[in-house]
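Following the UniProt record's numbering, the numbering of the sequence shown begins with 1 at its first residue and continues without gaps.
All C-beta atoms in this analysis are idealised placements derived from N, C-alpha and C, irrespective of residue type, glycine included.
Remember, it's a predicted structure, so these values are computed and weren't measured experimentally.
Structure record follows, encoded as structure tokens.
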Amino acid sequence: MVSFTFLSITTVIYAVLFLLGTIGNVLVITVIYKHKEMRSSTNYFLVNLSLADLLVLLICMPVSLSEMYLGEYFPFGRIMCEFISFIFSSAFLSPSVFH
Numbered sequence: 001m002v003s004f005t006f007l008s009i010t011t012v013i014y015a016v017l018f019l020l021g022t023i024g025n026v027l028v029i030t031v032i033y034k035h036k037e038m039r040s041s042t043n044y045f046l047v048n049l050s051l052a053d054l055l056v057l058l059i060c061m062p063v064s065l066s067e068m069y070l071g072e073y074f075p076f077g078r079i080m081c082e083f084i085s086f087i088f089s090s091a092f093l094s095p096s097v098f099h
């Protein structure tokens, strides 16, 4: 079993990363979308990386944190388990493979 101190510190770190990551990635996407002069192939690559990072932040991080609290028990079902594995794999592979 994981100690309460470790879980508390990890939860705070996850929350800070979740908040800052979400805000930062949404800002990158918004700036490139709003300013036409920012639309270049390099910046489209950055948008793709931001979208992949958002997928990890919004889908994989909460599940990862819940796994730390729940241990071996996975309450989200088999379909969600496979979906999360797919999202996790595609979020890391798609930015490098498709551009």
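Start and end residues, alpha helix (DSSP H) containing residue 62: 61 to 70
Straight-line gap, residue 86 to residue 51 (C-alpha atoms, nearest Å): Distance between residue 86 and residue 51, taken at the CA atoms: about 15 Å.
Distance CB(residue 47)-CB(residue 16) smaller than 8 Å: no
With 16 as the cutoff for other CB atoms within 10 Å, does residue 57 come out buried or exposed? buried
Can you grab the Cα-Cα spacing for the pair residue 3 / residue 25, in whole Å? 32 Å
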